Amino acid sequence: MAKEDMSSEIKSSAKSKEMEKESPTAAAQQNAQEVSGIEDHTGEALVQDTDGTAATEESRILSSSRQLTELIVKQSKEKLKQTCVCPPQGVLANIITKVFMMLLVFGVVWSITGPECLPGGNLFGILMLMLCAFLGGKLMGLIKIPTLPPLPPLFGMLVAGFLLRNIPVVNNAVQVKHIWSASLRNIALAIILTRAGLSLDQKALRKMKTVCLRLAMGPCGTEACSAAVVAHFLMNIPWIWAFMLGFVLGAVSPGVVVPSMLILQKQGYGVEKGIPTLLMAASSFDDILAITGFTTFLGMAFSSGATWYNIMKGALEVLVGVVAGSILGFFIRYFPSKEQKQVALKRAYLILGLSVFALFASSVLGFPGSGGLCTLVMAVVAGMGWADGKVTVGDSVGIAWDVFQPLLFSLIGAEISIAALNPEIVGKNKTF
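Have a look at this one:
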């Protein structure tokens, strides 16, 4: 038994020695297999992670797009519910309210005036002109040409008045008497001259007063004389009538220039050099000069007096306008006083009322050229005393201009009648 035990121990020790000799190679192979297994597991994990990240990003994009779509659908459903709810709300309620207000105004005016507010009456024509001019200005503002600046709304107002006058069926319903049209245009002229006078920068005007006079008198006089010469020799028009035509063509419309300059002035363009003030003042004086020249030659054409009297009357109109405007400007500078309530509203009321009164009263008194100059000088003198308060007054005057601007340009467009134009007149050698 002892011998057998000894032999088994010797055999086991020999086997263990053989295993120790072979163990480095086996261990290396086992380690290599373990490393390759780990690498395989790592690669599979990386692939799984990459696929999982891409999948999560796609799922996030899909979920966000679904949420956005659901939000848009939800908002559209809410708007539809608000629109279709009873009573209506939102845009539909706003439209119904405005339409009802317009119908209410029409009903009140009709109950007071009767036929004047029906088709063919003056009030009906004025309301239709104002409504169509407003819509025409809005539609013209929506037209955008890539290479051109935006079209001005006043062009749409002119087109609206022109169409209402020249469409065969509509022109019978939309009619405005000449005295109404002239009165409304004079009121609009008073408003825009007042707005121009309040918006002038006195410091810039003092520095460039000579430039302003040259810019106002030079182009207007040159255009009037050139048009008169061409009209006399080309169309055989007498000199007096030729100069009347020249001053009509040479006039600059402050209703076009002043609002544009006010927009540039608010945006800060050319304010340091006083360019908006220069152009507003020059265009206003240009218009006053054209009115004075036209009325002077008109008086010469129909009066039996001497020519020098009509010329002196034109100079007298300028003097009367400056003196009356200065007096009225100093008056409203101090009345109403600063401690009164709603002083800005009272100032706006007084300056607008006096401007309209000056234009109409000057025509009644026989000095039609002095009304516009009186209005401009009065606004300038009053604005110098109001300092910063004239901005608030100018805003109130701007609201009045927003009402009368569609009326002014639509009435100008309605003055053009294609049926009254005879193409055979132009080019004929006729004597007056």
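If you read the sequence shown in UniProt numbering, its first letter stands for residue 1, the second for the next number, and so on.
Glycine included, each C-beta is placed from N, C-alpha and C at the ideal position.
All of these numbers come straight from a predicted model, not from anything done at the bench.
Residue-chain proximity (residue i, chain D), Cβ-Cβ < 9 Å
i: C117; result: Within the model displayed, chain D is absent; a lone protein chain is all it includes.
Candidates the options, of which the one nearest residue i by Cα
i: G314; options: L298, F302 and G329; result: L298
i: Q202; options: A216, W386, T147 and W401; result: W386
i: S199; options: G121, L421, D395 and G293; result: D395
i: M300; options: F243, K266 and N422; result: F243
i: L127; options: V174, F100, P150 and M101; result: V174
i: N172; options: W180, R185 and L163; result: L163
Supposed close pair residue i, residue j - CB separation, criterion 8 Å
i: A358; j: G371; result: 5 Å
i: A228; j: D287; result: With a Cβ gap of about 18 Å, A228 and D287 do not count as contacting.
i: T194; j: T375; result: 6 Å
i: M378; j: L354; result: 6 Å
i: I311; j: T296; result: 7 Å
i: F106; j: C117; result: 7 Å
i: L123; j: T113; result: 6 Å
Pair within 9 Å by beta-carbon distance, residue i and residue j
i: G137; j: E415; result: no
i: L129; j: L407; result: yes
i: M280; j: P254; result: yes
i: L278; j: C220; result: no
i: V176; j: G125; result: yes
i: V397; j: L365; result: no
i: S284; j: G218; result: no
i: E317; j: G246; result: no
i: residue 447; j: G389; result: Outside the displayed span of the chain (1 to 432) sits residue 447, for which this structure offers no information.
i: residue 497; j: V320; result: The question about residue 497 has no answer, for the chain in this structure spans 1 to 432.
i: M157; j: A133; result: yes
i: P119; j: M140; result: no
i: D181; j: L421; result: Residue identity differs from the one stated: residue 181 is Ser in this sequence, not Asp. Going by C-beta atoms, S181 is not nearer than 9 Å to L421.
i: L131; j: I143; result: no
i: L184; j: F404; result: yes
i: A282; j: A204; result: no
i: L262; j: P276; result: yes
i: V380; j: G325; result: yes
Residues of its chain near residue i, where Cβ-Cβ distance is below 7 Å and the 5 sequence neighbours each way are ignored
i: V159; result: G136 and G413
i: S417; result: R165 and N166
i: I96; result: P88
i: I192; result: P254, G255, V258 and W401
i: F367; result: E317 and V320
i: I240; result: F297, M300 and A301
i: M208; result: G274 and L278
i: residue 438; result: Given a span of 1 to 432 for the chain in the structure shown, any question on residue 438 remains unanswerable.
i: V271; result: Q265
i: V47; result: With a pLDDT of only 44 at V47, under 50, the local geometry of the prediction cannot be trusted, and no value is derived from it.
Cutoff 6 Å; reference residue i; Cβ partners in own chain excluding five residues on either side
i: V356; result: I187 and A190
i: G268; result: none
i: R347; result: V393
i: F335; result: none
i: L373; result: I288 and G321
i: G329; result: M378, V381 and A382
i: K11; result: Only weak support exists for where K11 lies, its pLDDT of 49 falling under 50; the coordinates are left without a value.
i: G121; result: P115
Contacting residues, own chain, Cβ-Cβ under 8 Å from residue i (five flanking each side not counted)
i: D49; result: Bear in mind that the predicted position of D49 carries a pLDDT of just 49, short of 50, making it unreliable; the figure below should be weighed with that in mind. Contacts found: none.
i: F409; result: A133, L154, M157, L158, G161 and G255
i: T332; result: As written in the sequence, residue 332 is Ile, which differs from the Thr given in the question. Taken in chain order, the residues that qualify are R347, L350, I351, L354, M378 and A382.
i: V73; result: none
i: Q340; result: K346
Quick one: complete alpha helix (DSSP H) runs, 4+ long, within the segment 197-266? 202-207, 209-235 and 239-250
Please give me, in chain order, every unbroken run of the alpha helix (DSSP H) with length at least 4 that falls completely inside the segment 112-171. 122-142 and 153-166
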